[in-house]
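K.L.:
Pasting in a structure now, in structure tokens, and then I'll have a few things to ask.
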Amino acid sequence: MSVDAISVIVPDVPEAARFLSGAFGWELGDVFDNFAELDTGKLKLWLSGNAAVETGAVDGLTLHHIVDDVDAVVEVAKSHGAELVFGPVDTDYGMRSAVFKGPGMLLVDVCTYDAPAASDT
Numbered sequence: 001m002s003v004d005a006i007s008v009i010v011p012d013v014p015e016a017a018r019f020l021s022g023a024f025g026w027e028l029g030d031v032f033d034n035f036a037e038l039d040t041g042k043l044k045l046w047l048s049g050n051a052a053v054e055t056g057a058v059d060g061l062t063l064h065h066i067v068d069d070v071d072a073v074v075e076v077a078k079s080h081g082a083e084l085v086f087g088p089v090d091t092d093y094g095m096r097s098a099v100f101k102g103p104g105m106l107l108v109d110v111c112t113y114d115a116p117a118a119s120d121t
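So that you can map any letter, position 5 of the sequence shown is 5 in full-length UniProt numbering, and since no number is skipped, the others follow by simple counting.
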């Protein structure tokens, strides 16, 4: 069994879809006023203007976008207006990471498992 899609509630679905596609390179699927689908390569990201059921407040959702070159993705995301809130940094647990504010309360962590060696920076 696998998780094939994640739904994220955002205030402006078309704007969020365009932002995430442009900033992080995720392929746009259907985009409507209250629903959009993006293909991240490994799972679908479904954006919606509201939940199908009453949920209360949701906080603390982070999407982890694993890439080969964090710094290159950071530059592309910033060119699309993404707000960098952390990094990029090499962590002591072997990752390079940069975190952006996404639509709504979403965070997007652009990361790689292989941080460059200290002598490479």
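Glycine included, every Cβ here is placed at the ideal spot set by N, Cα and C.
If contacts are defined as beta-carbon pairs under 8 Å, then residue 39 and residue 26 qualify, I think. What distance do you get, rounded to the angstrom?
P.N.:
Their Cβ separation, rounded to whole angstroms, is 6 Å, which keeps residue 39 and residue 26 in contact under 8 Å.
K.L.:
If we call anything under 7 Å between Cβ atoms a contact, is residue 86 one with residue 99?
P.N.:
Yes, Cβ-Cβ distance for residue 86 and residue 99 is below 7 Å.
K.L.:
Where does residue 78 sit, in a helix, a strand or coil, going by DSSP?
P.N.:
Three-state result, residue 78: helix.
K.L.:
Would you list the one or two residues that DSSP bridges to residue 45?
P.N.:
Residue 45 pairs with 6 and 38.
K.L.:
Pull the bridge partners of residue 63 from the DSSP assignment, please.
P.N.:
Paired residue(s): 108.
K.L.:
State the DSSP-derived secondary structure class of residue 88, mapped to helix, strand or coil.
P.N.:
Reduced to three states, the DSSP call for residue 88 is strand.
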